[in-house]
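From first to last, the protein sequence lines stand for chains W and U. According to my numbering, the residues represented by the first sequence are 1 to 116, in order. According to my numbering, the residues represented by the second sequence are 117 to 229, in order. We put the CB at the ideal spot given by N, CA and C, even for glycine. First comes the structure, then the notes that go with it.
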Amino acid sequence: DGGITQSPKYLFRKEGQNVTLSCEQNLNHDAMYWYRQDPGQGLRLIYYSQIVNDFQKGDIAEGYSVSREKKESFPLTVTSAQKNPTAFYLCASSTSPGQGAGTEAFFGQGTRLTVV
Amino acid sequence: GNSVTQMEGPVTLSEEAFLTINCTYTATGYPSLFWYVQYPGEGLQLLLKATKADDKGSNKGFEATYRKETTSFHLEKGSVQVSDSAVYFCALSGGTSYGKLTFGQGTILTVHP
Numbered sequence: 001d002g003g004i005t006q007s008p009k010y011l012f013r014k015e016g017q018n019v020t021l022s023c024e025q026n027l028n029h030d031a032m033y034w035y036r037q038d039p040g041q042g043l044r045l046i047y048y049s050q051i052v053n054d055f056q057k058g059d060i061a062e063g064y065s066v067s068r069e070k071k072e073s074f075p076l077t078v079t080s081a082q083k084n085p086t087a088f089y090l091c092a093s094s095t096s097p098g099q100g101a102g103t104e105a106f107f108g109q110g111t112r113l114t115v116v
Numbered sequence: 117g118n119s120v121t122q123m124e125g126p127v128t129l130s131e132e133a134f135l136t137i138n139c140t141y142t143a144t145g146y147p148s149l150f151w152y153v154q155y156p157g158e159g160l161q162l163l164l165k166a167t168k169a170d171d172k173g174s175n176k177g178f179e180a181t182y183r184k185e186t187t188s189f190h191l192e193k194g195s196v197q198v199s200d201s202a203v204y205f206c207a208l209s210g211g212t213s214y215g216k217l218t219f220g221q222g223t224i225l226t227v228h229p
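See below:
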């Protein structure tokens, strides 16, 4: 089945440590996104990538880093510089905007990160 | 820039009641509009979408009409069920940020038997 896989589902990190969240898609989508979800605040865009080897900062990129070495993969690293990393992280993918209007995003099941 | 505003929640209804969740947006150009649903502990699923003015998206008894004159995309359902309890997000793509989704803050819906 085609889809987006995020792992792990739950992740615990000690303060001062970096941690990497995995996101893999087999939908052959060009674009991939990372969102952060906090209670009552909706989703906020961290980083996005519209093509391999290229990515852009979203609205809350500070303390995060990404790479896009393969079309299928878009890992997110939460660094020790992120002041409040405890949140629910969602990865998404979509076709490129140039492929038509109504470019909908498909989401993974999310990773809940807790700093202990 | 783009923005989406949803009605403040949470919303609590009895089964078979009528549902409306208001959504208004700000965008330049001609955005596409979406409603996503999130069940507890899960990711988001696309519920419906509309890509141009006066389009009506519909799915599973839910409907929303793209109203450019009022910049709105309100979600409606005639008779809700307990299984509709979830968080609903209005979103848009295009305008000045084509390719990225801008989300509203989400509305928690609880349906009681």
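Helix, strand or coil: which one does DSSP assign to residue i?
{"i": "U/Val196", "result": "coil"}
{"i": "U/Trp210", "result": "Note that residue 210 of chain U is Gly in the sequence shown here, rather than Trp. Strand at U/Gly210."}
{"i": "U/Glu179", "result": "strand"}
{"i": "U/Lys184", "result": "coil"}
{"i": "W/Gln109", "result": "coil"}
{"i": "U/Ser130", "result": "strand"}
{"i": "W/Ser65", "result": "strand"}
{"i": "U/Tyr141", "result": "strand"}
{"i": "U/Lys168", "result": "coil"}
{"i": "U/His190", "result": "coil"}
{"i": "U/Val120", "result": "strand"}
{"i": "W/His116", "result": "Per the sequence presented here, residue 116 of chain W reads as Val, with His not at that position. If DSSP states are grouped into helix, strand and coil, W/Val116 belongs with coil."}
{"i": "W/Ile46", "result": "strand"}
Can you round the beta-carbon distance between residue i and residue j to whole angstroms, since I take them to be within the 8 Å contact cut?
{"i": "U/Cys206", "j": "U/Gly194", "result": "Not really, about 19 Å apart at Cβ, beyond 8 Å."}
{"i": "U/Met123", "j": "U/Thr223", "result": "6 Å"}
{"i": "U/Phe150", "j": "U/Lys165", "result": "5 Å"}
{"i": "U/Val227", "j": "U/Gln154", "result": "Contact flag wrong, Cβ pair sits at about 15 Å."}
Residues bridged to residue i by DSSP?
{"i": "W/Asp54", "result": "W/Ile51"}
{"i": "U/Gln221", "result": "Paired residue(s): none; U/Gln221 is not in a bridge."}
{"i": "U/Gln154", "result": "U/Leu160 and U/Val203"}
{"i": "W/Gly3", "result": "Answer is none; W/Gly3 lacks a bridge partner."}
{"i": "U/Gly173", "result": "U/Ala180"}
{"i": "W/Thr103", "result": "Answer is none; W/Thr103 lacks a bridge partner."}
For chain C, is any of its Cβ atoms less than 7 Å away from the one on residue i?
{"i": "U/Phe178", "result": "The displayed structure is made up of protein chains W and U, and chain C is not among them."}
- Please confirm if the stretch 126-141 of chain U is in contact with the stretch 154-171 of chain U, defined as three or more CB-CB distances below 8 Å between the two stretches. no
- Query: Could you give the uninterrupted runs of the beta strand (DSSP E) lying entirely in the stretch 9-42 of chain W, keeping only those of 3 residues or more?
  - Reply: 10-13, 19-25 and 31-37
- Query: At which residue ranges does the stretch 71-95 of chain W contain complete beta strand (DSSP E) runs of 3 or more residues, listed in the order of the chain?
  - Reply: 76-78 and 87-94
- Item | Any 3 or more C-beta pairs closer than 8 Å across the stretch 54-62 of chain W and the stretch 105-113 of chain W | no
- Message: Assess contact between the stretch 71-84 of chain W and the stretch 9-23 of chain W, defined as three or more Cβ pairs (one per stretch) separated by less than 8 Å. Is contact present?
- Response: yes
- Counting Cβ pairs closer than 8 Å, one from the stretch 87-97 of chain W and one from the stretch 195-204 of chain U, do we hit at least three? no
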